[in-house]
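Before any comments, here is the structure.
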Amino acid sequence: MTVKLSSSNLATLPSKVSGPKYDRSSLKAGIVHFGVGNFHRSHQAVYLDDLFNSGLGHDWALIGAGVFEGEKAGRARLQEQDWLTTVVEQDQGHMSARVTGAMVDFLMPGDAAAIIEQLADPAIKIVSLTITEGGYFIDPASGKFNPAHPDIVADAQPGAAPKTVFGIILAGLVRRRADGIVPFTVMSCDNIPHNGHVTSDGVIGLARLIDENLAGWVRDNVAFPNGMVDRITPATTDRERGILANDFGLEDNWPVFCEPFKQWVLEDHFTAGRPPLEKAGVQFVKDVSPYELMKIRILNGGHATIAYPAGLMEIHFVHEAMQEPLVRGFLAKLERDEIIPTVPPVPDTVLEDYYQLIERRFSNPKIGDTIRRLCLDGSNRQPKFIIPTIADRLKAGKGVAGLALESALWCRYCFGTTDSGAVIEPNDPNWDRMQATAKAAKDTPGAWLAMDDIYGDVGRSPVFAQAFAHALNVLWANGARETLTRYLAGKL
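The opening residue of the sequence shown carries number 9 in the numbering used here; numbering runs sequentially from there.
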């Protein structure tokens, strides 16, 4: 016998499932969030739920928003259960489930007029984002906002109904300025370096196309705090829904499964106030960049390190990759020899301890995180998570053999077959280009590094080019397993 998740059933949740300790009818919305996906619901929404459970911040509830047609399905699933979400934390020897209630509404994705109306409400003091790297209109070559993107150009036309998140945010700010209302803070919760600056560049960049005075007003009056976010949260499948129903007796249309660990480091820079999230475990700091760089290089760079050899070896889950001594060994050696030495000191943090925590998190067999997810979108992720580390190593005159091997493994993966010859399905927004370039690189390794929008100056380094070509040639001649064996033995 299972209980179907809804507000009316909160009083009769199964005994193993905890629910909100507050009266949801007392909540008032203070945040509009764009991009209501799994990560948001396992991270920001959980911190707010913790805060509400402690009796604090009840005027900071969430309203969901979105701009894509594809977001309507998620909204419908949540609407059926009164915007509630079950969050299941999984560790090797423990699993716990809780129902979170921080969301009180979800505006129809794509209904720009309704969203702008909500943003104009003085009660809304924060607009938060988890719109993924692709939602920020970043030019891969420059790493800067791309004002020539067709969607941005369209939003900048006089009288245009905005279609992008930045366009809707800007329209909301224009309304508030006209009405004499303090502007809301725009808070990115995406895993992007300097995410506040990136968001600011996007909103101000769009404003500049419309009206230089508007751009100046946004720059002078709107806060865009940088933040570092972390919690491994895989996609939801029928497997997760089945576990929740069978092990906990609860039916949820769209539960979230995640690891127990979570972290949020945030700059205390808000124009219209903020919830007291420090009471729920958020670290407020003056400068988030040391924490951000540590996470991006050691954790995200670590994900990239294990992804492609595991993909070539047809390993399905991340924890299974960590059970393979060659993959685990590659991660440890590359992190300690080449990645961690590029990370500056972080307040109150021992980098080796942080790496060991990452190793344990990757090894968690309960999460069900997939290698394919880690391999996804390398053309956007490698320039953020790996290539800057290579650049720092080259600048310092340090060795790059392991990082060159990581790049070679990515190239070999994009060829589109595993070491056994099985087909790798397209796994990058630019897959056709990546595959064609990987095929050219089999005989001419330099073709891969010639992707200037991805590698930039790193691709023009003779030192890196030589190390990359050698690693790729060894990979093609011997396969991933033997190549990793040689690397770990110091014989690559």
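C-beta atoms are modelled at their ideal positions from N, C-alpha and C, and glycine is treated no differently.
Quick caveat, the model's predicted, so the values are computed rather than measured.
Burial state of residue i (16 or more Cβ within 10 Å)
i, result
"GLN98", "buried"
"GLY250", "exposed"
"ASP523", "A question about residue 523 goes unanswered here, because the residues of the chain that appear run from 9 up to 500."
"GLY63", "exposed"
"GLY167", "exposed"
"ALA53", "buried"
"GLN364", "exposed"
"GLN331", "exposed"
"GLU267", "buried"
"ARG1", "Here the chain has residues from 9 to 500 only, and residue 1 is not among them."
"ALA81", "exposed"
Cβ distance (whole Å) where residue i is taken to contact residue j below 8 Å
i, j, result
"ASP427", "MET302", "Not quite, the Cβ-Cβ distance comes to about 33 Å (not below 8 Å), so this is no contact."
"PHE114", "GLN87", "7 Å"
"GLU259", "LYS12", "5 Å"
"GLN126", "LYS374", "Contact doesn't hold; Cβ gap of about 37 Å is too wide."
"TRP262", "HIS51", "At roughly 15 Å, the Cβ-Cβ gap does not stay under 8 Å, so TRP262 and HIS51 are not in contact."
"THR94", "ALA105", "6 Å"
"VAL211", "VAL226", "6 Å"
"PHE370", "GLY310", "7 Å"
"ILE304", "LYS406", "That belief does not hold up - the Cβ atoms of ILE304 and LYS406 are roughly 19 Å apart, past 8 Å."
"VAL44", "GLY72", "4 Å"
"LEU342", "GLU433", "Not confirmed; about 27 Å, so no contact."
Residues near residue i by beta carbon distance below 6 Å, same chain, minus five either side
i, result
"HIS277", "ALA231, PRO233"
"ASP400", "THR350"
"LEU35", "HIS66, ALA69, VAL112"
"ARG183", "ALA128"
"ALA446", "CYS419, CYS422, PHE423"
"ALA186", "none"
"GLU79", "PRO117"
"ALA318", "ALA329, VAL335, ILE379"
"MET236", "VAL273, VAL296, TYR299, GLU300, LYS303"
Coil, strand or helix - residue i by DSSP
i, result
"SER104", "strand"
"SER415", "helix"
"GLY82", "helix"
"ASP38", "Per the sequence presented here, residue 38 reads as Gly, with Asp not at that position. The answer is strand: DSSP assigns GLY38 an E or B state."
"GLN291", "strand"
"GLU248", "helix"
"VAL443", "This sequence places Gln at residue 443; Val is not what is there. In the structure shown, GLN443 sits in a helix (DSSP, three-state: H, G or I)."
"GLU267", "coil"
"ALA73", "strand"
"SER136", "strand"
"TRP484", "helix"
"GLN474", "helix"
"GLN165", "coil"
"GLY235", "strand"
"THR378", "strand"
"THR425", "strand"
"LEU500", "coil"
"PHE114", "strand"
"ILE323", "coil"
"SER196", "strand"
"SER469", "coil"
"SER26", "strand"
"GLN52", "helix"
"VAL408", "coil"
"LYS392", "helix"
"VAL226", "helix"
"LYS403", "helix"
Neighbourhood of residue i by C-beta, 7 Å cutoff - its chain only, sequence neighbours within 5 removed
i, result
"ASN46", "THR241, ALA243, THR244, VAL264"
"LEU214", "ILE160, ASP163, ALA164, PHE174, GLY175, LEU178"
"VAL293", "VAL273, GLU275"
"THR138", "GLY43, GLY45, PHE47, HIS48, CYS197, ASP198"
Length of the line joining the Cα atoms of residue i and residue j
i, j, result
"ASP451", "PRO353", "41 Å"
"ASN481", "PRO470", "16 Å"
"SER208", "HIS157", "17 Å"
"ALA340", "PRO148", "29 Å"
"GLN291", "PHE60", "18 Å"
"LEU402", "GLY429", "34 Å"
"GLY27", "LEU382", "32 Å"
"HIS324", "TYR316", "11 Å"
"SER136", "GLY38", "11 Å"
"HIS327", "ALA412", "24 Å"
"PRO437", "ALA416", "19 Å"
"MET488", "LEU496", "The question names Met, but residue 488 in the sequence shown is Ala. Straight-line Cα distance between these residues: approximately 12 Å."
"GLN390", "VAL194", "26 Å"
"PHE192", "ILE146", "23 Å"
Residues near residue i in its chain [Cβ-Cβ closer than 8 Å; skip 5 each side]
i, result
"VAL75", "PHE42, PRO117, GLY118, ALA120, LYS171, THR172, VAL173, ILE176"
"ARG494", "VAL482, ASN486, LEU500"
"HIS205", "PHE232, ASN234"
"THR397", "ARG305, GLY309, GLU346, ILE347, THR350, LEU411"
Residue i: CB within 6 Å of a non-hydrogen atom of the ligand MN
i, result
"ARG185", "With respect to the ligand MN, the structure shown offers nothing to examine, as it has no ligands at all."
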